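When you read off a place in the sequence shown, starting at 1, and then add 720, the result is the number in this note's numbering.
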Amino acid sequence: MEELTLTTPALLFSAISLILLAYTNRFLSYAQLVRQLRDRYVENPSDITVQQIENLRKRLNLTRTMQGLGIASLFFCVVSMFLIYIGLQLLSIYAFGLALLLLIGSLGVSFREIQISTRSLEIYLGTMEGKHKK
C-alpha cells in the first residue's frame, strides 16, 4: 500500500470547504424562502403553499444531513492529517477513508435534495399550466 502524505487529505480539505460553502448558501436561500412562504400562507393559505412548505421541510432536513456529513468528513480529514503528522500512518489511512465515505454520503444526500428541489419547481410549473389552460 502506498504511503498517505499530508498532500492528499489537504486537497480533500479544500474541496470539502467549498462544498460546505455551497451548502451554506443553499441553506440561506431556504431561510429566505421560508419567510416568503410563511407570509404567503398567512395571506392566502392555499394547497400549493402547503405543498411547498412540506417540500421545503424535507429539503431543510436533507440540507442539515448534508452539512452534518460534510462537517464530519472535514473533521476526519483533519484527524487524518494530524495522524500523519504524528506518524500514525495506518490510523491516518482509516481516518481518511472514513472522511471519503462521509463525503460520498454528503454528495448522495445532496443529489436527493436536488431531486426534491426539482419537484418543488414542478409544483409551480403545474400551477402556471393550470392557469394557462383556463
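From the three backbone atoms N, C-alpha and C, an ideal C-beta is built for every residue, glycine too. In this text the structure is predicted, and so the values were computed from the model without any measurement.
Check whether residue i and residue j have beta carbons under 8 angstroms apart
i	j	result
T783	Y743	yes
F816	L724	yes
Through-space distance from residue j to residue i, alpha-carbon basis
i	j	result
L823	F796	10 angstroms
G825	F831	10 angstroms
S737	G828	17 angstroms
I843	L776	12 angstroms
Q835	A735	23 angstroms
A819	N781	21 angstroms
R839	E833	10 angstroms
Q787	E763	33 angstroms
As assigned by DSSP and simplified to three states, the class of residue i
i	result
E722	coil
S840	helix
S766	coil
I806	coil
Residue i classed as buried or exposed, judged by whether at least 16 other C-beta atoms fall within 10 angstroms
i	result
G790	buried
S749	exposed
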